[in-house]
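Protein chains in written order, with full-length UniProt numbering: chain L, 1 to 126; chain W, 1 to 126. C-beta: ideal position from N, C-alpha, C; glycine also. The structure presented is a predicted model; accordingly, all values stated were derived computationally and were not measured.
2 protein chains.
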Amino acid sequence: MEKDFLKKYGEAAHCPVRNVIDRIGDKWSVLVLMVLEEGNVLRFNEIWGSIQTISQKMLAVTLKTLEADGLVKRTVYPQIPPKVEYQLTERGKSLLPHLHGLVGWANENMGEIKESRELFGNISRN
Amino acid sequence: MEKDFLKKYGEAAHCPVRNVIDRIGDKWSVLVLMVLEEGNVLRFNEIWGSIQTISQKMLAVTLKTLEADGLVKRTVYPQIPPKVEYQLTERGKSLLPHLHGLVGWANENMGEIKESRELFGNISRN
DNA sequence: CAGTATCCAGAATGATACTG
DNA sequence: CAGTATCATTCTGGATACTG
Numbered sequence: 001m002e003k004d005f006l007k008k009y010g011e012a013a014h015c016p017v018r019n020v021i022d023r024i025g026d027k028w029s030v031l032v033l034m035v036l037e038e039g040n041v042l043r044f045n046e047i048w049g050s051i052q053t054i055s056q057k058m059l060a061v062t063l064k065t066l067e068a069d070g071l072v073k074r075t076v077y078p079q080i081p082p083k084v085e086y087q088l089t090e091r092g093k094s095l096l097p098h099l100h101g102l103v104g105w106a107n108e109n110m111g112e113i114k115e116s117r118e119l120f121g122n123i124s125r126n
Numbered sequence: 001m002e003k004d005f006l007k008k009y010g011e012a013a014h015c016p017v018r019n020v021i022d023r024i025g026d027k028w029s030v031l032v033l034m035v036l037e038e039g040n041v042l043r044f045n046e047i048w049g050s051i052q053t054i055s056q057k058m059l060a061v062t063l064k065t066l067e068a069d070g071l072v073k074r075t076v077y078p079q080i081p082p083k084v085e086y087q088l089t090e091r092g093k094s095l096l097p098h099l100h101g102l103v104g105w106a107n108e109n110m111g112e113i114k115e116s117r118e119l120f121g122n123i124s125r126n
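Here you go:
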């Protein structure tokens with residue numbers, strides 16, 4: 001029996017799933033978005049202090065990507081020393097409920113998932 | 001003004017955000033989950049045919065990870081040639097609404113996001 | 001303070017060939 | 001059919017040093 005009703009996925013540019021995962025699947029974007037949600041308006045070093053293990057480079061790269069996507073707004077105050085503030089845009093805010101859905105799911109299921117993984121035996125992805 | 005009310009994120013093992021992103025942030029997991037949702041019960045090659053650009057190796061690895069996490073159930077029929085069927089578990093099904101939330105958001109916003117990115121100028125993440 | 005520039009290690013993914 | 005094994009490549013992120 002053929003299953004021709006299945007959609008074809010994976011063609012990169014036009015794949016809606018790829019679009020999402022490419023955007024939030026990196027190591028830090030979701031974390032930065034949630035920190036900004038909590039802090040409202042934050043300076044570079046405030047975000048850096050809140051995400052303990054991120055490197056300065058990756059914070060800069062992540063913020064720039066989020067800004068380019070219009071999820072975060074960057075405001076520069078021309079002073080010395082410089083002051084730069086970051087905050088979510090409306091578009092960025094509209095994404096957050098979905099992220100909370102995911103994190104909520106993770107919190108509810110991580111315990112059992114870890115047990116499953118133990119039973120299955122640790123596997124490598126290579 | 002200090003912002004000590006900010007939570008501290010990023011400590012890997014105990015970070016709920018890391019837990020989610022590590023699980024669905026890879027290149028293929030979400031795609032495979034959605035194909036299985038649509039197809040209900042599918043054989044290895046049916047999934048492979050539905051995700052055009054995935055390699056055989058990565059499909060095998062992805063399915064094994066999802067199985068280890070208890071999101072997908074694998075059933076082997078001891079025949080020659082072999083027949084193996086994959087389907088979502090209840091846990092796997094419980095994740096999907098959240099993924100649909102994200103994909104829906106992406107579909108609604110991708111147009112504007114692409115425009116933003118053009119205006120901003122293409123940036124590299126390195 | 002808020003970044004950049006460089007360089008590098010390791011992880012993730014892909015290509016290809018082979019097998020029970 | 002449903003994988004595994006191996007090798008090659010690409011991509012990501014971290015360390016460190018430097019700057020307007």
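- Residues of the segment 105-116 of chain W with a C-beta less than 8 Å from any C-beta of chain L: Trp105, Ala106, Asn107, Asn109, Met110, Glu112, Ile113 and Ser116, listed in chain order.
- Per DSSP, the continuous beta strand (DSSP E) segment holding Thr75/W begins and ends at Val72 to Tyr77.
- For Leu31/L, the CB contacts under 8 Å within the same chain, skipping 5 residues up- and downstream, are Ile51 and Ile54 in chain order.
- For the options Ala68/W, Leu96/W and Arg18/W, the alpha carbon positioned closest to that of Val35/W is the one of Leu96/W.
- Within the UniProt domain "HTH hxlR-type" (15-114) of chain L, the complete alpha helix (DSSP H) segments at least 4 residues long are 16-24, 29-39, 44-50 and 56-68, listed from N- to C-terminus.
- For Val76/L, not one C-beta of chain W is nearer than 8 Å to its own C-beta.
- The beta-carbon distance between Gly101/L and Gly92/W, rounded to whole angstroms, is 16 Å. This is too long to meet the 8 Å contact definition.
- Each of Ile113/W, Glu46/W, Leu63/W and Val61/W was checked against the Cα of Pro16/L, and the nearest Cα belongs to Ile113/W.
- Of the candidates Tyr86/W, Trp105/W, Lys57/W and Lys73/W, Lys73/W places its Cα closest to the Cα of Phe120/L.
- One finds Ala106 and Met110 in chain L with Cβ atoms closer than 7 Å to the Cβ of Asn19/W, taken in chain order.
- At least one CB of chain W lies nearer than 8 Å to the CB of Val35/L.
- Contact of Phe44/L with chain W is not assigned, every C-beta pair being separated by 8 Å or more.
- For Tyr9/L, the closest Cβ of chain W is nearer than 8 Å.
- Closest option to Glu46/W, judged by alpha-carbon separation, among Glu118/W, Glu115/W, Gln87/W and Leu99/W: Gln87/W.
- Counting of Cβ neighbours within 10 angstroms places Asn109/L among the buried residues, the total reaching 16 or more.
- In summary, the residues of the segment 73-99 of chain W whose CB is separated from some CB of chain L by less than 9 Å are Arg91, Ser94, Leu95, Pro97, His98 and Leu99, in the order they occur in the chain.
- Less than 8 Å separates the beta-carbon of Glu85/W from that of Leu42/W.
- One alpha carbon belongs to Val76/W, the other to Leu33/W, and they sit about 19 Å apart.
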